[in-house]
Amino acid sequence: MTDLNLVLNINSLCDHRQDLDEQKKNRAELSSKLDDITLKVNEQRRESLDLSQTLKELNQRFNSLYENPQINSLKNDKSTEKTKIDDEARLFLHIPSLDLRQEECIGQGGFADIYCGTWISHDHCIAIKVIRIQNLTDDIRKEFLNEIAIMRSIRYDHILTVFGVCIEPGYNALVVEYMKLGSLFEVLQKKNPLLSWNNRWSIVLQITKGILIIYI
Numbered sequence: 001m002t003d004l005n006l007v008l009n010i011n012s013l014c015d016h017r018q019d020l021d022e023q024k025k026n027r028a029e030l031s032s033k034l035d036d037i038t039l040k041v042n043e044q045r046r047e048s049l050d051l052s053q054t055l056k057e058l059n060q061r062f063n064s065l066y067e068n069p070q071i072n073s074l075k076n077d078k079s080t081e082k083t084k085i086d087d088e089a090r091l092f093l094h095i096p097s098l099d100l101r102q103e104e105c106i107g108q109g110g111f112a113d114i115y116c117g118t119w120i121s122h123d124h125c126i127a128i129k130v131i132r133i134q135n136l137t138d139d140i141r142k143e144f145l146n147e148i149a150i151m152r153s154i155r156y157d158h159i160l161t162v163f164g165v166c167i168e169p170g171y172n173a174l175v176v177e178y179m180k181l182g183s184l185f186e187v188l189q190k191k192n193p194l195l196s197w198n199n200r201w202s203i204v205l206q207i208t209k210g211i212l213i214i215y216i
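Residue numbering for the sequence shown follows the UniProt record's numbering, starting at 1 and increasing by one per position.
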């Protein structure tokens, strides 16, 4: 009986020591995890402080930049440019390039290429005269716009109708009525059908009326 009790006591002692070892191990693991958590919290806190400081500096830089005389001058220039555009918009219709579908090239001039196309928002067949001068000087631009304004103000059967203009960086175009028979010069060059004298007199009369309307 005594030997049995001794064995039981030894086993109990071993179990107790094992429990103590496991507890120490668990405490060590828990302590290590707490250290990791504390480290991550501190890192996040530092990152938050750094972010706050960065935002503060950016805000200060933005305010400084916004109050910069050069920036204010640029804003004034943009305001002047907007006024200029508004003044031009009163002269004629601005048609954005996205509203134009440029198709087959039907002619070329000294400073422009002419395309058949579509005015998308109006579902209308048009001619698009694309100016080759990519960077218009102020003088050329002013003369160009004045001529367009004059042409657009005229509505007459024997004068080509100007619908509007597209002036964008790298793209300057005149949007006009599409003449399916081509220009008068092209019509006169055709040998078939041969124009009668009555038709010829009619053409001359129409040209004369058109010139009178433009220059009176």
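Note that beta-carbon positions come from the ideal geometry of N, C-alpha and C, so glycine has one too.
Query                                                                                                                    : Result
Would you tell me roughly how many angstroms separate the C-alpha atoms of LEU74 and PHE144, rounded to the nearest one? : Any reading at LEU74 must be qualified, since the residue scores a pLDDT of 47, below 50, and its modelled position is unreliable; no value is offered.
Touching or not, the stretch 152-161 and the stretch 100-117, by the rule of three or more beta carbon pairs under 8 Å?  : no
Under a three-way DSSP split, which group does ARG101 fall into?                                                         : strand
Where does GLY164 land, buried or exposed, given buried means 16+ other C-beta within 10 angstroms?                      : buried
By DSSP's criteria, ALA127 is part of a beta bridge. Which residues make up the other side?                              : CYS116, VAL176
Hey, would you say LYS209 sits closer than 9 Å to VAL175, going by beta carbons?                                         : no
Answer yes or no: do GLU168 and ALA127 have a C-beta to C-beta separation smaller than 9 Å?                              : no
Give me the residue from LEU34, ILE120, LYS180 with the minimum Cα distance to LEU100.                                   : ILE120
Sort out for me which residues DSSP pairs ILE167 with in a bridge.                                                       : ASN172
Going by DSSP, what residues sit across from HIS94 in a beta bridge?                                                     : VAL165
If you draw a straight line from the C-alpha of TYR115 to the C-alpha of LYS190, how long is it?                         : 21 Å
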